[in-house]
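Peer 1: Before I ask anything, here is the structure I am working with.
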Amino acid sequence: MIRTQSMRGATRPGRLMAGVALLASGVALLVTPVGAGGQVTANAAASNITITQTPAADQTAPCMPSLLALSQATISDATTFKLIVTASAPLCEPVTAGAVVYAMPGNGEAWPQNLVERTDFTITGAGVTEITFTKTCAAVQFDVINGVSPAVIFPGGPAHDPLLFPLDVGTSLQFWGLPDCVATTTVAPTTAAPTTTAFVLAATTVAAPTTTIPSVVLGATTVPVGSAGLAVTGSSSDSFALVGGGLVVLGLAFMMGARRKLA
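This is the structure in C-alpha cells:
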C-alpha cells in the first residue's frame, strides 16, 4: 500500500509537467499564424528613365570643353520624351548630370513638384547619350540637370540646379498625362511577381492584365502611378486555432487534475 501511494505521488508532478507542455504548445499554435502567416511584399514602381550611351568609334581627337563639344536634340512622341546629347570630342573635364522626374499636382496645376525619380550619368568621351523619359498617366516634369534636385520645388522656394543646357528650355518638358488614360493595377499573389501596372488609352483596346486573387489574401494596397506600395498577404489560421485551442484545453485539464490529486 505504501509503495502504491509513492508511485501515485510520483506521477502527480509528471501530469502537471505534461499539462504545462500541452498548454504552451497550444498557445504557440494560436500565436504563430499572427507572427509568421502575414508576409509583406514591396511592389516597386518601374523606372520611367532610361539612359543609353554609345561611344564613338574614334576617341583620338583632342579634348574639348563641354560648352563646345556638347550639342543636343529632342524627340517627343505619344509615349516618350527623349533628349539626345552628342559629344563631338572627348571632354577635357567629364560632365555628370541627372535625369529627374518631378510629379505635378495636375489638373492644370504645376506647383509644387515632388521628386519621383532620378538617374545620374556621366559623359566623358565622344559619342551619343540618349535620355528617354516614359510618359504615363501621371502629370510630371522631365528635366536633365547639372546639380542637385531637392525633394520638393516651387517658384520662390527650393529649386533644382540649372538644366544641362540652361539656354534651351526645350530640353525640359512639362507633361500633363496621357489623354483619357486610366492606370489599372493587379495585385500579385503571395510570393509572386510585384504589382503590374498597365495604361489603357482611349484610342486603343489594350486590356489591363488580371490576376485571380487566392482566398488566402488578407488585404492589398493599390499602387498609384509613380510610387511604391505594399501588398499584405497571409495564410488561413483556422486549422492552427482549432489544434491550438484543443491543446490548451487538454493542458488545463491535466494541470487541474494534477492539482486536485496533490491536494
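Heads up: take any position in the sequence shown, counting from 1, add 27, and you land on this note's numbering.
Glycine residues also receive a C-beta, built at the ideal position from the N, C-alpha and C atoms.
None of these values were measured; they are calculated from a predicted model.
1. Taking the beta carbon of Pro117 as the centre, do at least 16 other beta carbons fall within 10 Å, making it buried, or is it exposed?
2. In terms of DSSP beta bridges, what is Lys109 paired with?
3. Could you tell me the boundaries of the beta strand (DSSP E) in which Ala73 lies?
4. So, helix, strand or coil for Ala280, using DSSP?
5. Select from Gly204, Thr151, Pro139, Ala126 the residue whose C-alpha is nearest the C-alpha of Gly183.
6. Can you grab the Cα-Cα spacing for the pair Ser199 / Ile150, in whole Å?
7. So, using beta-carbon positions, are Phe114 and Gly174 closer together than 8 Å?
8. Select from Pro185, Ile180, Lys162 the residue whose C-alpha is nearest the C-alpha of Ser74.
9. Return the residue from the list Glu120, Ala165, Gln86 that minimises the CA-CA distance to Leu95.
10. Can you tell which of Thr101, Ile78, Cys90 has its C-alpha closest to the C-alpha of Asp195?
11. Check the DSSP bridge columns for Glu144 and list the partner residues they point to.
12. Which residues share a DSSP beta bridge with Leu118?
13. Whole angstroms are fine: how far does the CA of Ala105 sit from the CA of Phe160?
14. Let me know the secondary structure DSSP gives Thr123 once reduced to three states.
15. Under DSSP, the beta strand (DSSP E) around Phe20 begins and ends at which residues?
Peer 2: Walking through what the data contain:
1. If you number the sequence shown from 1, residue 117 lands on position 90. The residue in question, Pro117, is buried, as its Cβ has 16 or more Cβ neighbours within 10 Å.
2. In the sequence shown, the residue the question calls residue 109 occupies position 82. Ile102, Thr159.
3. As a first step, residue 73 is located in the sequence shown; it is residue number 46 there, counting from the start. Neither: Ala73 is in no beta strand (DSSP E) and is coded neither H nor E.
4. Here residue 280 refers to the residue found at position 253 of the sequence shown. In the structure shown, Ala280 adopts helical secondary structure according to DSSP, grouped into three states.
5. Translated into positions along the sequence shown, residue 183 becomes position 156. It is Pro139 whose Cα lies nearest to the Cα of Gly183.
6. As a working note, residue 199 is residue 172 in the sequence shown. As a working note, residue 150 is residue 123 in the sequence shown. Each residue's Cα considered, the two are about 19 Å apart.
7. If you number the sequence shown from 1, residue 114 lands on position 87. If you number the sequence shown from 1, residue 174 lands on position 147. A small correction: the amino acid at residue 114 is Ala; Phe does not occupy that position in the sequence shown. Cβ distance not < 8 Å, so Ala114 and Gly174 don't count as in contact.
8. Locating residue 74 in the sequence shown gives position 47, counting from the first residue. Nearest of Pro185, Ile180, Lys162 to Ser74, Cα basis: Lys162.
9. Taking the sequence shown and counting its residues from 1, the one referred to as residue 95 is at position 68. Here the closest residue by C-alpha is Glu120.
10. To locate residue 195, count along the sequence shown from 1; it is residue 168. That would be Thr101, whose Cα lies nearest to the Cα of Asp195.
11. As a first step, residue 144 must be located in the sequence shown, where it is residue number 117. Partner(s): Val128.
12. Here the question's residue 118 lines up with position 91 in the sequence shown. Paired residues: Met91.
13. Working through the sequence shown from its first residue, we reach residue 160 at position 133. Working through the sequence shown from its first residue, we reach residue 105 at position 78. Each residue's alpha carbon lies about 11 Å from the other.
14. Within the sequence shown, numbered from 1, the residue matching residue 123 stands at position 96. In the displayed model, Thr123 falls within a strand according to three-state DSSP.
15. Look at the range of the chain in this structure, 28 to 290, and you will see that residue 20 is not part of it.
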